[in-house]
Every structure is written in structure tokens, then in C-alpha cells.
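Trainee: Letter by letter, the sequence shown follows residues 27 to 277 of this note's numbering.
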Amino acid sequence: PEQSEHPAIVEPEIWEKAQQIRESKKRFTSRSICSPILFSGLPFCGYCSNVMYRQKFNQYYVKKTTGEKVKYVHIAYVCSQWERFKKCQKNHIAEKVIKRAVLKQLKRFKDDPEALKGFLEEEQNRNLEQDEQVLNSKKKAFEQIQTRQGRAYIAYERGSITIDAYNQRKDELEVNAKQLKEDIVKLELKLANDKLRQATRESFVEAVDKLDEIFSGDNNIPAQKRFLQSIIERIIITGSKIDINYWLGEN
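1. Inspect the beta-carbon positions of I257 and A233 and report whether they are closer than 8 angstroms.
2. Where does E259 land, buried or exposed, given buried means 16+ other C-beta within 10 angstroms?
3. Between the Cα of R80 and those of G72, V88, K166, G67, spot the shortest distance and give me the residue it belongs to.
4. Out of C114, Q194, I180, E121, point me to the one whose CA is closest to V99's CA.
5. Exposed or buried, what is P69 when buried is set at 16 or more other beta-carbons lying within 10 Å of its beta-carbon?
6. Let me check one thing: in DSSP terms, what residues is D352 bridge-paired to?
7. Considering I101, what are the terminal residues of the beta strand (DSSP E) in which it resides?
8. Between which two residues does the alpha helix (DSSP H) holding Q255 run?
9. Buried or exposed: which applies to S106, given that a residue is buried once 16 or more other Cβ atoms fall within 10 Å of its Cβ?
10. Only counting the same chain, and skipping five residues up and downstream in sequence, which positions put a Cβ closer than 8 angstroms to that of K97?
11. Assign K251 to one of two classes, buried (16 or more other C-beta atoms within 10 Å of its C-beta) or exposed (fewer than that).
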């Protein structure tokens with residue numbers, strides 16, 4: 027097979043795991059692509075982390091000029107846990123408020139290149155150095171446990187400790203080693219994903235440039251939805267607070 031001219035950024039096994047994670051996320055969002063609803067699958071409750079349902083409510087207002095009572099349809103997203111089980115807060119928000127917040131932020135990125143650059147740099151550098159420090163610390167701790175396991179076995183062979191004492195120490199070290207190994211794998215996957223996201227950032231910039239073209243009217247919902255699903259991972263609603271998580275980093 028043809029060899030790449032660039033050296034591998036991450037180990038092949040880690041890269042494969044990261045790709046599997048990325049593909050699983052794509053499959054999740056693709057389930058809501060067929061729906062005609064613009065934000066389907068994107069809003070999540072900030073209190074319980076569960077998905078929010080889109081609902082229509084019939085409401086009324088009175089015309090000041092004539093006193094006539096007029097019915098209109100209010101569309102909102104409601105926490106699924108509250109709606110079904112009343113186990114969360116009555117967290118809800120109007121669909122038009124979400125749309126206004128999303129377009130406002132994306133338009134700011136489009137109209138202000140420095141704001142977009144700052145946002146991408148912040149996402150790229152966020153917690154990366156800290157994660158690398160934690161990873162190195164855990165790798166060092168794992169090596170120390172391996173050393174202690176070897177010393178315990180030597181002590182048993184020399185008769186310095188009993189078989190019961192050796193087994194107890196061995197079991198304790200194995201539990202700690204297993205937990206450290208799991209933590210190391212998770213951190214390596216996270217750092218691998220961070221390095222793989224550079225291409226995603228470039229796609230994000232290209233998508234933002236098409237904002238006005240995609241949202242020039244309200245009739246092209248399928249195209250608008252594909253656009254939003256391609257760059258937004260989830261929209262977190264906490265009361266009146268709206269946080270938009272993009273496909274750029276861990277959230």
C-alpha cells in the first residue's frame with residue numbers, strides 16, 4: 027500500500043478508536059436527519075443532560091385594536107425527563123429563541139474573523155496541556171506499580187514475606203494498575219481526538235462562510251438542518267441560558 031508522506035500523529039490503535047468514536051457520533055446525529063424539524067436531536071437539558079422534546083402549544087392573545095382573541099401555535103423544546111416522569115425541572119424554551127441565539131453566534135463568527143480565530147484557538151488549547159500532564163503522571167504511576175509488583179515477587183522468593191502477604195499486596199497493586207490503565211487509555215483517546223479535530227476546524231470555517239447562503243430564506247429546512255447537524259454537536263438549555271457545543275472539542 028502507498029505510504030503517507032507525513033509521520034503518524036498518534037498510534038494506529040488509538041487513531042482507530044478515535045475514528046470509531048467519531049463514526050458513532052455521526053450515526054447518532056444521522057437518525058434525526060430525516061425529520062423535518064430544524065433542531066431535531068440537538069437540544070439537551072442542562073439540568074439532567076437528557077434530550078429535549080419539541081412540542082406545539084395552542085396559545086391566545088387579544089388584539090388591542092379590536093379586542094379579538096386570536097389563537098397561535100407556540101413551538102418550544104421541553105425536557106424529556108420532566109415531560110414524561112416529572113423528574114427534572116420544567117426546563118423549556120421557545121424554538122425561535124434557540125434559532126436566534128444560534129444564528130447570532132454563527133453570524134458573529136462569519137462577520138468577525140478575529141472572533142472566529144479566537145474561538146477556534148480557545149477550543150484547540152482548552153485543557154490540552156493539562157490532559158497531557160495528567161496522562162504523563164498516570165503513566166509514571168503505572169510504571170511505579172509495575173516496579174512494586176516485581177519487588178513484591180522478589181521479596182516473596184527470598185522469604186522476606188509470606189505467601190499470604192504477597193498475594194494481598196499483589197491483589198492491591200493489580201486493582202490500582204487496572205484503574206490506571208483504564209484512565210490512561212481514556213486520556214490517550216481524548217488527546218488523539220483533539221489532534222484529529224484540526225480538519226474539523228477547517229470544515230467549520232468553510233461552513234460558517236456559507237451561513238448567509240444557507241439561511242437566506244425559511245423554506246429550505248433540509249439544507250439548513252444538514253448545515254446545523256454538520257457543525258453542532260448539541261445545544262444545552264439551562265433555563266434561559268443557551269450553550270452551543272460544536273464538533274470541535276470534548277464537552
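Cβ coordinates follow ideal geometry from the N, Cα and C atoms, glycine included.
Note that this is a predicted model, so its numbers are computed, not measured.
Mentor: The structure says:
1. Translated into the one-based positions of the sequence shown, residue 257 becomes position 231. Translated into the one-based positions of the sequence shown, residue 233 becomes position 207. Going by C-beta atoms, I257 is nearer than 8 angstroms to A233.
2. Counting from 1 along the sequence shown, the entry for residue 259 is found at position 233. Result: buried.
3. The sequence position of residue 80 within the sequence shown is 54, counting from 1. Nearest C-alpha to R80: G67.
4. For the purposes of this step, residue 99 is taken as residue 73 along the sequence shown, with counting starting at 1. Out of C114, Q194, I180, E121, E121 has the C-alpha closest to the C-alpha of V99.
5. Residue 69 sits at position 43 when you count from the first residue of the sequence shown. It counts as buried.
6. Residue 352 is absent from the structure shown; the chain starts at 27 and stops at 277.
7. By 1-based counting over the sequence shown, the position of residue 101 is 75. Run containing I101: 95 to 105, per the beta strand (DSSP E) assignment.
8. Reading the sequence shown from its first residue, position 229 is the one you call residue 255. First-last of the alpha helix (DSSP H) with Q255: 247 to 257.
9. The residue you call residue 106 lines up with position 80 of the sequence shown. Flag for S106 reads buried.
10. If you number the sequence shown from 1, residue 97 lands on position 71. N84, Q85, Y86.
11. Taking the first residue of the sequence shown as position 1, residue 251 is located at position 225. So K251 ends up on the buried side.
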